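Comments concern the structure below.
Protein chains: 2
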Amino acid sequence: MSNNKTMTPEEFAEIFKALSNPNRLKIFTLLASCCIPGTVSVLDSDDTACVGDLGRELDIVKSTVSHHIKELRRVGLIRTRRDGQKILCWVDPDLVNALRDFFAF
Amino acid sequence: MSNNKTMTPEEFAEIFKALSNPNRLKIFTLLASCCIPGTVSVLDSDDTACVGDLGRELDIVKSTVSHHIKELRRVGLIRTRRDGQKILCWVDPDLVNALRDFFAF
DNA sequence: CATATTGTTCGACTGTTATCGAATTATCCA
DNA sequence: TGGATAATTCGATAACAGTCGAACAATATG
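Next up, the structure:
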């Protein structure tokens, strides 16, 4: 609704690359399932951090999770915000819509 | 419409990996734009081969195109059929629909 | 201030991928 | 059968990616 810039094949390829790693895809899916678009992630409980939760949930060490989060953020799939010690994450609904449109033909 | 098997995160990741290379994505996009779903690819003229055409159109050597076609086919994004000397390619509409649904939330 | 918690950065290792040209296979046709 | 055309396979090379643990930085709290 708000994102109407045209994307190049190279940009799309970068986004798909970000989703091409199973762990990174699981992180994305988990965020997509637990986050109300446009708001922060809360996962199950309200007072737990996203990065830590994701690692615990998916059994990945935190440095790897951090690496993946950075990559997802770089291509615009997710957004982050610091809240105290924690980094809260949520998916960018505009980019998800653009991806859905990509496969609509 | 006809494909209602559930896909694992690993399978989705493999598909996104297939689309993560710019040249492979261009091949897929070109096939998607020129092929009527369910039928064979004809590109511009009727009597030219898909693999050769794709290489000429995108300026990639044929061994590389062949490699990419093989990968796209392996993950189920496209289907192929031999017609004489040529290999005709077209996208699998069911998988495209599954991808569209993946981003529908 | 000292300590605990959360996340990032760094270095290393391992494995994978994209690309090309050469050789090979398959098909058609004269 | 022999030549032409189309595509695949193979080998090599160069670049990149995922993962981990250790060290570091930021924040909160006693």
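In order, the protein sequence lines correspond to chains A and C. In this text, residue positions in the first sequence follow numbering that gives the first Met the number 0: the first is 0, and each later residue adds one. In this text, residue positions in the second sequence follow numbering that gives the first Met the number 0: the first is 0, and each later residue adds one. Beta carbons are placed, not taken as given, at the ideal position from N, Cα and C, and that holds for glycine. It should be emphasised that the depicted structure is a prediction, and the values quoted were computed from it without experimental measurement.
Interface partners of residue i on chain A, CB under 9 Å
i, result
"glutamate 9/C", "Pro21 and Leu24"
Short CB-CB distance (under 8 Å) between residue i and chain A
i, result
"leucine 98/C", "yes"
"leucine 18/C", "yes"
Residues that residue i contacts on chain C, provided the C-beta gap is smaller than 7 Å
i, result
"valine 95/A", "Phe102"
Strand pairing of residue i, partner residues [DSSP]
i, result
"threonine 79/C", "Cys88/C"
is_contact[residue i, chain C] using C-beta, thresh 8 Å
i, result
"valine 39/A", "Here valine 39/A scores only 47 on pLDDT, less than 50, and its place in the model is too uncertain to base an answer on."
"lysine 85/A", "no"
Amino acids of chain A, ordered along the chain, whose beta-carbon sits closer than 8 Å to that of residue i
i, result
"threonine 28/C", "Pro8"
Beta-carbon gap between residue i and residue j smaller than 8 Å
i, j, result
"aspartate 93/A", "arginine 78/A", "no"
"valine 95/A", "phenylalanine 15/C", "no"
"tryptophan 89/A", "leucine 30/A", "yes"
"leucine 24/A", "phenylalanine 27/C", "no"
"alanine 17/A", "glutamate 56/A", "no"
"glycine 75/A", "lysine 61/A", "no"
"proline 21/C", "proline 8/A", "yes"
"arginine 99/C", "arginine 99/A", "yes"
"serine 19/A", "serine 19/C", "yes"
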